[in-house]
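S.K.: Sequence order for the protein chains is E and H.
Numbers 1 to 271, taken from the UniProt record's numbering, label the letters of the first sequence in order.
Numbers 1 to 271, taken from the UniProt record's numbering, label the letters of the second sequence in order.
Yeah, the Cβ is synthetic: ideal placement off N, Cα and C, and Gly gets one too.
What follows is a structure written as structure tokens; I'll ask about it next.
There are 2 protein chains.
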Amino acid sequence: MCNACITNAVKKHMISRRDMFRSAVALGAASVAAGIVTARPALAAAHGTVVDLTHTFTPEFPTFDGVPGLTMEQTVKFDESGYQLFRLTVDEHSGTHIDAPLHFTTDGTSVDELPVENLVCPLCVIDIEARAQEEVNTMVSTEDIETWISANGDIPEGACVAMHSGWADKVGDASYRNDADGNFTFPGFSKEATDMLMEMGVAAIGVDTLSLDPGNSADFAVHYSWLPSGRYGIENLAGLRNVPAAGATVFVGAPKHGGGTGGPARVLAVT
Amino acid sequence: MCNACITNAVKKHMISRRDMFRSAVALGAASVAAGIVTARPALAAAHGTVVDLTHTFTPEFPTFDGVPGLTMEQTVKFDESGYQLFRLTVDEHSGTHIDAPLHFTTDGTSVDELPVENLVCPLCVIDIEARAQEEVNTMVSTEDIETWISANGDIPEGACVAMHSGWADKVGDASYRNDADGNFTFPGFSKEATDMLMEMGVAAIGVDTLSLDPGNSADFAVHYSWLPSGRYGIENLAGLRNVPAAGATVFVGAPKHGGGTGGPARVLAVT
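Here you go:
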């Protein structure tokens with residue numbers, strides 16, 4: 001199936017799914033008219049489960065450059081002051097974190113400028129764990145997207161599409177970052193796949209590894225195309241095996257320091 | 001109306017509201033059975049508006065102790081490396097941020113340990129803006145809670161109850177923190193009010209000022225009771241005038257550094 005065919009098929013899916021959403025909204029309006037409690041205002045009460053997609057961030061958390069991404073200095077002590085707090089030194093691109101467009105551009109959107117409507121997204125999880133066990137630098141491909149759509153329907157506009165490679169389980173081990181020879185080894189997205197996701201109006205991509213591009217990437221093709229397009233990425237996601245392939249909503253707690261290129265984020269899914 | 005009366009009235013409200021939620025869930029189940037799209041899996045698509053309750057965090061953002069809470073050092077430059085990033089130095093309790101129980105205890109819950117189900121909450125906003133314009137150290141009282149309940153029904157278990165004092169608009173001005181004589185001046189919660197919220201099973205409180213306690217507090221009574229109870233607080237909220245008193249859901253993107261006493265958070269409401 002050619003890419004254009006897929007795109008057309010996807011558009012068709014999207015139209016039909018939009019009609020379904022319209023029906024749901026209409027149903028909600030009818031419910032209000034009838035005096036029935038609708039799910040929308042009771043969102044928190046109506047949700048099933050909150051799933052944490054965030055690793056605990058520690059000075060030992062693996063980083064791309066191998067330098068600790070966090071230090072914590074206790075600047076106020078409880079026994080002296082009756083309360084306590086820390087001063088943190090944080091490298092923006094460490095822990096479960098955001099890559100804003102400004103990370104790979106000179107004038108792109110900074111992390112505080114990301115549109116808030118792109119921080120609450122339908123979550124689509126593409127599972128490549130089985131393949132990643134054999135091919136450590138494997139990439140999410142256009143075929144993986146096609147397979148996902150066949151199984152789950154359309155990828156909604158404004159979605160966050162996450163790669164689940166199983167890598168989150170390795171985070172305490174050197175193999176999260178390197179092979180035995182010290183080469184970067186982890187899965188990522190292919191540029192062809194993220195180009196396809198761009199056409200579908202996807203808002204964000206996420207990976208459970210150190211980089212949007214695979215470990216053996218020589219050109220950071222995804223970083224240099226996805227981020228300059230104005231979209232953002234999430235790296236070092238956790239917990240993706242605890243959410244469904246489709247149907248969850250992800251809340252991306254991107255940091256909001258002015259002019260930042262990214263930074264540690266709390267990422268939660270609601271199923 | 002005595003506190004016990006209010007508590008009983010609230011319990012009664014809660015029971016009836018719970019029954020309404022049950023009806024809503026049953027309605028959802030019936031919709032699934034009928035092949036109709038329910039709002040739950042289409043959460044992100046079905047929501048109305050995402051409202052940012054987070055101030056942009058800058059080195060100039062006012063802090064309790066007057067010391068800048070953020071510095072940013074560019075450690076990788078685009079013209080040298082083809083990408084760019086910053087190293088941040090962050091005082092945990094600056095910007096829009098979380099107070100975890102560990103901030104005012106020696107062994108309480110740290111910010112990374114906050115239960116995730118308490119980070120997605122029904123949002124209740126208590127508006128004391130009119131009074132705060134006259135009384136700069138005014139407090140959310142039990143009467144304010146009673147008035148809110150009369151107007152909006154119960155405060156749901158697990159809610160986040162936020163004080164809207166209008167202070168967020170002053171954030172660029174010295175009056176956000178001090179009066180002309182240099183005294184701390186800003187509204188907060190009274191201990192009596194937060195004790196009542198504890199009885200109602202509220203998960204979190206939030207303020208649009210520098211502290212959960214008012215500026216002229218001599219004893220930090222709310223900090224020393226609310227936080228040791230295992231609950232958390234949010235300080236320096238923004239945007240509360242853009243959400244309804246009841247009906248929104250708040251996503252609290254608490255940071256997840258291990259053993260932290262709090263830290264800057266992205267807080268978003270979905271209406």
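Indicate the three-state DSSP secondary structure (helix, strand or coil) for residue 52/H in the structure shown.
M.R.: In the three-state reduction of the DSSP assignment, residue 52/H falls in the strand class, which pools E and B.
S.K.: For residue 273/E, which residues in the same chain have their Cβ closer than 7 Å to its Cβ, ignoring the five residues on either side in sequence?
M.R.: Residue 273/E lies beyond the range of chain E shown here (1 to 271); nothing can be said about it.
S.K.: Just to confirm the assignment, what range does the beta strand (DSSP E) spanning residue 74/H have?
M.R.: It spans 70-76 - the beta strand (DSSP E) in which residue 74/H sits, taken as one unbroken run.
S.K.: Within its chain, find whatever has a CB closer than 7 Å to the CB of residue 73/E; leave out the 5 residues flanking it on each side and keep chain order.
M.R.: Cβ neighbours of residue 73/E beyond the five flanking positions: 86 and 87.
S.K.: For residue 112/H and chain E, any beta-carbon pair shorter than 7 Å?
M.R.: yes
S.K.: When DSSP labels each residue in this structure, what does residue 183/E get in the three-state scheme?
M.R.: Coil at residue 183/E, not helix or strand.
S.K.: If you follow the alpha helix (DSSP H) that residue 195/E is part of, which residue opens it and which one closes it?
M.R.: 191-199
S.K.: So the beta strand (DSSP E) residue 204/H belongs to, where does it begin and stop?
M.R.: 204-207
S.K.: Would you say the region 50-70 of chain E touches the region 60-74 of chain H, given that touching needs at least three Cβ pairs under 8 Å?
M.R.: no
S.K.: According to a CB-to-CB cut-off of less than 9 Å, which residues of the region 248-271 of chain E neighbour chain H?
M.R.: 248, 249, 250, 251, 252, 253, 254, 255, 256, 257, 258, 259, 260, 261, 262, 263, 264, 265, 266, 267, 268, 270 and 271
S.K.: With residue 164/H as the anchor, note down where its alpha helix (DSSP H) starts and where it stops.
M.R.: First-last for residue 164/H: 160-164, but that is the beta strand (DSSP E), not the alpha helix (DSSP H).
S.K.: Suppose you measure from the CA of residue 182/H to the CA of residue 230/H; what does that come to, to the nearest Å?
M.R.: 33 Å
S.K.: Residue 159/H and residue 202/H look like a contact to me (Cβ under 8 Å); what is the Cβ gap, rounded to whole Å?
M.R.: Sure, about 5 Å apart at Cβ, within 8 Å.
S.K.: How about residue 128/E and residue 262/E: are their beta carbons less than 7 Å apart?
M.R.: Contact: no.
S.K.: Touch check for the region 161-181 of chain H and the region 206-226 of chain H: three-plus C-beta pairs under 8 Å?
M.R.: yes
S.K.: Do residue 288/E and residue 123/E have their CB atoms nearer than 7 Å?
M.R.: Nothing can be reported for residue 288/E: it is not among the residues displayed for chain E, which extend from 1 to 271.
S.K.: What is the residue span of the beta strand (DSSP E) that residue 83/H lies within?
M.R.: Premise fails: residue 83/H is in no beta strand (DSSP E) and is neither H nor E.
S.K.: Taking residue 255/H as the reference, give the member of 50/H, 232/H and 247/H with the closest Cα.
M.R.: For residue 255/H, the nearest C-alpha among the options comes from 232/H.
S.K.: Quick one: does residue 171/E have its CB under 7 Å from some CB of chain H?
M.R.: no
S.K.: Is residue 50/H near residue 116/E, with beta carbons less than 7 Å apart?
M.R.: Yes. Within cutoff.
S.K.: Residues in the same chain with beta-carbon distance under 6 Å from residue 155/H, minus the five sequence neighbours each way, listed in chain order, please.
M.R.: 124 and 200
S.K.: Is residue 117/H close to chain E? Criterion is C-beta to C-beta, closer than 7 Å.
M.R.: At a cut-off of 7 Å, the C-beta of residue 117/H has a neighbouring C-beta in chain E.
S.K.: Tell me, please, whether the CB atom of residue 45/H is closer than 7 Å to any CB atom in chain E?
M.R.: Low local confidence applies: a pLDDT of 41 at residue 45/H is under 50, so the model's placement there is unreliable, and no value is given.
S.K.: Within its chain, find whatever has a CB closer than 6 Å to the CB of residue 75/H; leave out the 5 residues flanking it on each side and keep chain order.
M.R.: 87
S.K.: What does residue 146/H touch in chain E if you count any residue whose Cβ is under 9 Å from its own?
M.R.: Taking a Cβ-Cβ threshold of 9 Å, none of the residues of chain E is close to residue 146/H; the smallest such distance is about 22 Å.
S.K.: Which same chain residues end up closer than 7 Å to residue 171/E when comparing Cβ atoms and leaving out the 5 residues on each side of it in sequence?
M.R.: 55 and 62
S.K.: Roughly how many whole angstroms lie between the Cα atoms of residue 101/E and residue 188/H?
M.R.: 38 Å
S.K.: Where in the region 209-240 of chain E do unbroken runs of the beta strand (DSSP E), each at least 3 residues long, occur, reported from the N-terminal end onward?
M.R.: 232-235
S.K.: List the DSSP bridge partners of residue 178/E.
M.R.: 184/E
S.K.: Going by beta-carbon coordinates alone, are residue 193/E and residue 145/E separated by less than 7 Å?
M.R.: yes
S.K.: Compute the Euclidean distance between the alpha carbons of residue 238/E and residue 52/E, then round it to the nearest angstrom.
M.R.: 7 Å
S.K.: Could you list which residues in chain E have their beta carbon closer than 9 Å to that of residue 97/H, in chain order?
M.R.: Result: empty, since nearest Cβ-Cβ is about 10 Å, beyond 9 Å.
S.K.: For the putative contact between residue 253/E and residue 271/E, defined by C-beta atoms under 8 Å, what is the C-beta separation to the nearest angstrom?
M.R.: Not really, about 17 Å apart at Cβ, beyond 8 Å.
S.K.: If we call anything under 7 Å between Cβ atoms a contact, is residue 139/H one with residue 214/H?
M.R.: The answer is yes: Cβ separation under 7 Å.
S.K.: Taking buried to mean at least 16 other C-beta atoms within 10 Å of its own C-beta, is residue 132/H buried or exposed?
M.R.: buried
S.K.: So with Cβ pairs under 7 Å, would you call residue 243/H a contact of chain E?
M.R.: It does not; no Cβ of chain E falls within 7 Å.
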